[in-house]
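Step one of this worksheet: look at the structure below.
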Amino acid sequence: MSKKNIEELKEEIKNKAEVDLKVVNENSKEYKEDQKEADVLGKKINQELDREAKAEAAMEKEFAKELEADMKARK
Numbered sequence: 001m002s003k004k005n006i007e008e009l010k011e012e013i014k015n016k017a018e019v020d021l022k023v024v025n026e027n028s029k030e031y032k033e034d035q036k037e038a039d040v041l042g043k044k045i046n047q048e049l050d051r052e053a054k055a056e057a058a059m060e061k062e063f064a065k066e067l068e069a070d071m072k073a074r075k
């Protein structure tokens with residue numbers, strides 16, 4: 001590795017470390033943007049979980065109706 005490549009690599013590492021520090025600082029713009037993205041993703045995940053729970057509840061209700069009808073038919 002040449003000296004130039006090493007210096008470029010050092011600079012890249014330094015820049016990444018500075019960005020990481022900004023994200024850690026709760027008052028920074030980067031932290032707030034990261035938090036916003038996390039909130040949006042969290043909402044989408046919760047919506048999907050709610051949708052799945054409703055679908056599962058509907059399937060359970062339908063199964064219960066079918067089971068009840070089957071039991072009445074066997075009497």
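According to full-length UniProt numbering, the sequence shown is numbered sequentially starting from 1. Yeah, the Cβ is synthetic: ideal placement off N, Cα and C, and Gly gets one too. All values derive from a computational prediction rather than experimental measurement.
CB of VAL40 within 9 angstroms of CB of TYR31, strictly: Within the sequence shown, the letter at position 40 stands for residue 40. Within the sequence shown, the letter at position 31 stands for residue 31. Not in contact: VAL40 and TYR31 (Cβ atoms no closer than 9 angstroms).
LYS14 vs LYS22 beta-carbon contact at 9 angstroms: Taking the first residue of the sequence shown as position 1, residue 14 is located at position 14. Taking the first residue of the sequence shown as position 1, residue 22 is located at position 22. No, the pair does not count as a contact, with Cβ atoms beyond the cut-off.
The alpha helix (DSSP H) enclosing ASN27, as first and last residue numbers: Here residue 27 corresponds to residue number 27 of the sequence shown, with the count starting at 1. ASN27 -> no alpha helix (DSSP H), and no H or E assigned at all.
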